[in-house]
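In our numbering, the protein residues as written are 206 to 475.
Structural data, given as structure tokens:
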């Protein structure tokens with residue numbers, strides 16, 4: 206998920222919101238320390254077709270197709286990442302950062318580039334015994350998506366947070382990520398800043414094979430709406446030095462989340 210996409214759906218009334226967490230971003234680069242250790246220094250390019258569907262707290266079923274392209278650069282403990290998705294949506298809506306905000310509007314299919322996300326994180330130390338590793342991060346949403354098409358808000362979002370990763374033996378890696386996102390304001394939509402959360406555990410089930418269970422979400426992005434939370438089951442296969450595959454499925458835990466989502470990714474390490 207990625208710990209690292211959404212649209213506004215036709216809602217029950219103007220100015221009321223429903224949310225979709227950034228599950229596609231998570232799937233392309235958010236696995237914790239075991240993937241950091243497995244990836245070689247240098248660049249990683251990832252491409253992952255993803256699909257999400259659900260009512261998101263409205264009376265209408267919404268379908269979202271997401272194709273995020275990500276480029277990650279690693280140098281020792283520093284990790285830099287850029288992601289630019291291409292999205293298509295069936296149903297009315299406007300993308301608000303990585304969430305869905307409900308309102309009335311056209312239900313026509315819309316597509317185009319989504320907003321760009323830039324992220325930097327730094328690992329301060331490795332996990333030892335009961336002490337976790339600490340990995341502070343910052344990320345910024347650059348409003349590339351078309352506001353006229355409803356694919357973006359035209360506003361910057363900024364987030365800062367911390368990820369902590371433990372080592373439970375040599376195969377199990379519990380972790381917790383918490384962040385605070387400053388959401389760019391839009392008139393009459395009553396947007397508010399959110400706290401993001403991402404607890405999870407990754408298990409090395411076999412050589413070069415990792416299974417992750419994650420919960421990802423954030424507090425309400427609009428007043429009078431509920432928080433968003435979804436559970437993710439993901440599988441990563443490192444085929445060789447160059448290529449890595451991953452597949453995941455997600456299930457919404459709240460009425461504001463996608464009812465179901467799935468994605469398949471390919472990563473190339475250089």
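Here a beta-carbon is modelled for each residue, glycine too, at the ideal position from N, C-alpha and C.
- A straight-line Cα-Cα distance of about 47 Å links residue 247 and residue 264.
- For residue 420, the enclosing beta strand (DSSP E) covers residues 414 to 423.
- Put simply, the segment 406 to 413 does not touch the segment 391 to 398. Fewer than three CB pairs are less than 8 Å apart.
- Nearest in C-alpha terms to residue 260, of all of 296, 253, 277, is 296.
- Taking the C-beta atoms as reference points, residue 436 is found nearer than 8 Å to residue 456.
- Looking from the CA of residue 342, the closest CA among 324, 358, 355 belongs to 324.
- Looking at the DSSP output, residue 314 sits in no beta bridge, so it has no partner there.
- For residue 473, the enclosing beta strand (DSSP E) has its first and last residue at 465 to 474.
- Rounded to the nearest whole angstrom, the CA to CA distance from residue 448 to residue 282 is 22 Å.
- The segment 249 to 258 and the segment 458 to 465 touch, with no fewer than 3 CB-CB distances between them shorter than 8 Å.
- Three or more beta-carbon pairs separated by less than 8 Å are not found between the segment 372 to 384 and the segment 354 to 361, which leaves the two stretches without contact.
- Residue 448: member of the beta strand (DSSP E) spanning 448 to 457, first to last residue.
- A straight line joining the alpha-carbon of residue 434 with that of residue 415 spans about 23 Å.
- C-alpha of residue 326 to C-alpha of residue 473: approximately 20 Å in a straight line.
- In summary, residue 333 is exposed, with fewer than 16 beta-carbon neighbours lying within 10 Å of its beta-carbon over all protein chains present.
- Under the three-state reduction of DSSP output, residue 338 falls in the strand class.
- If you draw a straight line from the Cα of residue 346 to the Cα of residue 288, it is about 10 Å long.
- Here residue 340 really is in contact with residue 370; their C-beta atoms are around 7 Å apart, less than 8 Å.
- Within the DSSP secondary-structure output, residue 322 pairs in a beta bridge with 288, 346.
- In terms of Cβ geometry, residue 350 and residue 319 form a close pair [threshold 8 Å].
- A direct Cα-Cα distance of roughly 46 Å separates residue 335 from residue 317.
- Rounded to the nearest angstrom, the gap between the Cα atoms of residue 314 and residue 271 is 13 Å.
- For residue 256, the enclosing beta strand (DSSP E) begins and ends at 255 to 259.
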